[in-house]
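There are 2 protein chains.
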Amino acid sequence: MRRWELTLTLDPAHPQPLFLQLARAITDAIRRGRLKPGEALPGTRELAGLLGVNRNTVVAGYAELAAEGLVQTRVGGGTFVATQAPAPRPPAGAGERAPTYELAPPLPLPAPPPAPAPGALAICNGMPDARLFPAQALARAFRRALGQRQRNALDAPDACGHPRLRAELAAMLARTRGLPVTPGNLMVTRSIEQAIDLVARTLLRPGDVVVIEALGYPPAWRVLELAGARLLPLPLDRDGLDVGALEALLPQQRIRAVFLTPHHQFPTTVVMSAARRARLGRLAVTHGFAIIEDDYDHEFHYDGKPVLPIAAGPERANVVYVGSLSNLLAPGLSTAFVTAPASVFPRLASLRAASDARGDAAMECAVAELFEDGELLRHVRRMRRTYAARRDALAGALRTHLGGALSFHLPEGGMGLWASVDHAIDLDAWCAAGAREGVQLFGAGRYDFHRRTQPCLRLGFGYLDEAELAEAVRRMARALATLRPAASRTRRPAAMRDAIAAP
Amino acid sequence: MRRWELTLTLDPAHPQPLFLQLARAITDAIRRGRLKPGEALPGTRELAGLLGVNRNTVVAGYAELAAEGLVQTRVGGGTFVATQAPAPRPPAGAGERAPTYELAPPLPLPAPPPAPAPGALAICNGMPDARLFPAQALARAFRRALGQRQRNALDAPDACGHPRLRAELAAMLARTRGLPVTPGNLMVTRSIEQAIDLVARTLLRPGDVVVIEALGYPPAWRVLELAGARLLPLPLDRDGLDVGALEALLPQQRIRAVFLTPHHQFPTTVVMSAARRARLGRLAVTHGFAIIEDDYDHEFHYDGKPVLPIAAGPERANVVYVGSLSNLLAPGLSTAFVTAPASVFPRLASLRAASDARGDAAMECAVAELFEDGELLRHVRRMRRTYAARRDALAGALRTHLGGALSFHLPEGGMGLWASVDHAIDLDAWCAAGAREGVQLFGAGRYDFHRRTQPCLRLGFGYLDEAELAEAVRRMARALATLRPAASRTRRPAAMRDAIAAP
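Top line first, the protein sequences correspond to chains A and B. Read left to right, the first sequence gives residues 1 to 503 (this note's numbering). Read left to right, the second sequence gives residues 1 to 503 (this note's numbering).
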């Protein structure tokens, strides 16, 4: 099998998933006779090692080949080129016939950021660190939840979530965020996108105008657009969304809803002031628009006390509140949620019951157990300390190595730091140089509604540990130095900085 | 605490969930001073026993009270009436202010069937038996999946499902159902309703006409209506949907899609003939409508070989195929799926990526493990034997005890048996008498699009074991006998049967 090492190359930047690239390459080799019927393919672990990919990629590639009848897996292990032609498939050719009904083209989705090259440190990644999830505790709780299962508990799950989890979540949200929430107006959702989708389908009609923050979270915008919203971005400042600009707009523009992230604004991390929250709430009541408050990472607040959500304030009548615990537990766990006033909630609940009738009762009970035995709150406290330390480590490294190139305020919370890049630096060139030095960076233009270039970086401090963050910043500095040797590690006077990107 | 035994009663038939009823009753007792500050409430296990409810109900009720600040839980266990007034809540009254924007009323959803009375046998329940789920194997696989987690595996889950599970599912569907499916055109969904919701939002525009079976699964109809479909029910016969009636309609009526359950038609259990499937597929291609094929319980086929899905036949170009493994594993597990031709699939995938971007990667890997180590297929074989035996036990008991009252064909598969009730029997009265005798029955009108009374029962044989099924049928017979003493256990000539409900 030596020859595989030489001829099988995969391209992570190619739009086709790696496992399909692998399957196609092996298919070619079989068709060209370079792999003979009955010949063994390398073990999945071995091939993954040779190619420098995750083993699951190889497993999925082999499975794709097996589904096409090109390879066979033998009992006792091993994958072999099929000894006979693929089993007779459904009549040949018919599968490729296009449907005869009309269909809109796929939705335009922004391309996901490219996967980092092997070994590169993804300091652009704003996700939490999956290595820190309470995996063992969750697995134990899941086993207990399934083991104690009784017909009543798992049989006919409530579409709004298992009562145990709703009760725990409601108690936590009332206690720590001051929200007027009980299990009766709280729904557990599969993801925060599902929560926003339900809210959008409930509140919006095609053509409705929804105000958003001009810098924000594009996946949430896509969900609003699915419901037919016309998005209207308004500027941000150090206190969050510019509510004055919104107020000036109201006499001439009918607004149906405002979608925002007031707590740690995404991506800029600014905290909306209490005064501005109250003003926005009052405007909503007066002008009859809804506020969709996305509080996606409320727990991760490090300095002082979090400002109360708009949904907890006196002018909350028009607020629908969505959030998630997935940054705390594991991506994709059914731990996002939505709460709304008693007159709105039944509309959301009936839509959920119609469109996705059963929650994952066993997993919801497992998460409820983590609440009940205190594990979840202990984990929150641990993570808060860990991520605060990482934030400080990142900030320190940036000041040391890139103090002249970047300026930033220390964020009060969240998983990312928002840094302005000295205007003399060619940010695109820096990102490209970073890729060569083993650090993944990209400009903040991807968070801008109009995709305009922004002289800013959002640097994640959740995904990497303190040593990795320090190394990533060193690589950033090395990359910057390659642009102009002089533009190196220490603070330089403005005149020198301006020289960095001079032609 | 003796007095609780006497005064706290819960009503399962009341629309308010039991846990809220419990919380409200305790709130009343606290407000009236019958429970004093600091007084201990009964343990959750004890109170559950006293009230004859699931312990989770009590846990949820106590949590509701804790959320409202009325009770406190102490370290070391025990729940006590709060010793001080509830903590200051967000400004009083504001929570009850109604939003000032307009909102459509909640969607009209059919009321779920009432919960069976304690001790009653729910022979109307068409669900699988949660006691048989491979809980331990799944819990072990989940622990392994979380334990082996690597950044690549769980970090940025694909909205279409984890490649490992997609590969296993695709291989299984290709092998056992002849479907032209690869991981590239297969999506794992959270539930079959989510799969139908994605298909409906992709294929339908408001006002489009969708043909359905006149007897069917109302939750699926609700999902189609969410996308704006106008539903047009067509009759069924012993070969499934009346395709002749559809063909007659096509010249005068534009049809956008046909939604059907051809395998074990729900609720009648009839299998659509291969000839009729082919004819429907051809009509779809010729007339440019889509077929949404719901194959929700393909595995549970007991006699002979299943007919291949329409999506596996030569005229499959217009078919989108949805299915689920949740009857096999546990309700709510992320094991439903949808597959579509290569030209349609990207539209579904982009909608999923926008509306619910992350699957539950850890759970998907756990289910993939059950496939990989053969546990899932062994479980399928075990369940097929178990449910076939239950079907035969139910059929035998019905022939013995109710042969004169019911007539039915033995279903080839599924979890239910469709029985015609002798027209002389007052079915509503029989159902009411059943409730008194401890067996839950309801007429098949709830499966009729127009909610017309149907002289039919759908009896589930998956939910109850053989002894429970036998007892349930004895109770049905006793209930029937209470209507007319003569109408008792053995086959009676038609003249006698007709006399049963005579005035």
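Cβ coordinates follow ideal geometry from the N, Cα and C atoms, glycine included.
At what residues does the beta strand (DSSP E) containing residue i begin and finish?
| i | result |
| --- | --- |
| T73/A | 71-73 |
| Y463/B | Counting along the chain, Y463/B falls outside any beta strand (DSSP E), and DSSP gives it neither H nor E. |
| I26/A | Here I26/A belongs to no beta strand (DSSP E); instead the alpha helix (DSSP H) covers 18-31. |
| F80/B | 79-81 |
| E293/A | 290-295 |
| A257/A | 257-260 |
Using only the alpha-carbon positions, how far apart do residue i and residue j sit?
| i | j | result |
| --- | --- | --- |
| P110/A | D448/A | 12 angstroms |
| P90/A | P180/B | Confidence at P90/A is low in this model, with a pLDDT of 43, below 50, so its placement is unreliable and the value that follows should be read with caution. Distance between the alpha carbons of P90/A and P180/B is about 7 angstroms. |
| L121/A | G404/A | 22 angstroms |
| L8/A | T73/A | 21 angstroms |
| Y62/A | G78/A | 11 angstroms |
| G52/B | Y463/B | 21 angstroms |
| P114/B | P17/B | 12 angstroms |
| D373/B | Q194/B | 28 angstroms |
| A298/B | I26/A | Looking at the sequence shown, residue 298/B is not Ala but His. So the two alpha carbons sit approximately 32 angstroms from each other. |
| G69/B | L10/B | 22 angstroms |
| L437/A | M476/A | For the record, residue 437/A in the displayed sequence is Glu; it is not Leu. For E437/A and M476/A, the distance between alpha carbons rounds to 8 angstroms. |
| D294/B | V271/B | 13 angstroms |
| G95/B | R175/A | Because G95/B sits at a pLDDT of 46, beneath the cut-off of 50, its placement in the model cannot be relied upon, and the following sentence gives the value as read from the coordinates. Those two C-alpha atoms are separated by around 16 angstroms. |
| P346/A | T182/A | 14 angstroms |
| R24/B | Y296/B | 40 angstroms |
| E225/A | A432/B | 49 angstroms |
| K36/B | M415/B | 51 angstroms |
| R352/B | A139/B | 27 angstroms |
| P206/B | H450/B | 21 angstroms |
| A470/A | V188/A | 38 angstroms |
| G126/A | D422/A | 22 angstroms |
| R478/B | V439/B | 10 angstroms |
| P251/A | R97/B | 24 angstroms |
| I310/B | H263/B | 9 angstroms |
Restricting to Cα atoms, I'd like to know which of the options is closest to residue i.
| i | options | result |
| --- | --- | --- |
| L107/B | T202/A, D465/A, P106/A | T202/A |
| D208/B | R277/B, A200/B, R175/B | A200/B |
| R144/B | L146/A, Q136/A, G147/A | Q136/A |
| E315/B | D11/B, L280/B, N185/B, G323/B | L280/B |
| I196/B | T57/B, A220/B, R177/B | A220/B |
| E525/A | D373/A, L146/A, A395/A | Nothing in the structure corresponds to residue 525/A, since chain A is present only between 1 and 503. |
| G147/A | L231/A, A366/A, D158/A | A366/A |
| T100/B | M363/A, P341/A, E369/A | P341/A |
| D360/A | S191/A, A397/A, G323/A | S191/A |
| A130/A | A257/A, M383/A, L441/A | M383/A |
| V307/B | V320/B, S273/B, F289/B | S273/B |
| Q21/B | T44/A, P163/A, R97/A | P163/A |
| H287/B | A248/B, E39/B, A362/B | A248/B |
| A167/B | E64/A, L348/A, V322/A | E64/A |
| L204/A | L406/B, W418/B, T57/B, E102/B | E102/B |
Would you mind reading off the limits of the alpha helix (DSSP H) that contains residue i?
| i | result |
| --- | --- |
| T268/A | No alpha helix (DSSP H) holds T268/A; DSSP gives it neither H nor E. |
| A62/B | Inspection of the sequence shows that residue 62/B is occupied by Tyr rather than by Ala. 55-67 is the extent of the alpha helix (DSSP H) around Y62/B. |
| G147/B | 135-147 |
| T202/B | 192-203 |
| S326/A | Where S326/A is concerned, there is no enclosing alpha helix (DSSP H), given that its DSSP letter is neither H nor E. |
| G49/B | 44-51 |
| A104/B | Looking at the DSSP string, A104/B is not in any alpha helix (DSSP H), and its letter there is neither H nor E. |
| L348/B | 345-355 |
Please report the Cβ distance between residue i and residue j, rounded to the nearest whole angstrom; I am assuming they are in contact, meaning their Cβ atoms lie under 8 angstroms.
| i | j | result |
| --- | --- | --- |
| N318/A | I291/A | 6 angstroms |
| L283/A | L246/A | 7 angstroms |
| G434/A | L427/A | Contact doesn't hold; Cβ gap of about 10 angstroms is too wide. |
Which residue or residues does DSSP assign as beta-bridge partners of residue i?
| i | result |
| --- | --- |
| T339/B | L186/B, Y321/B |
| D237/B | G240/B |
| C431/A | According to DSSP, which records beta bridges pairwise, C431/A is partnered with nothing at all. |
| E213/A | L234/A |
| L121/B | V439/B |
| A40/B | F80/B |
| D448/B | L215/B |
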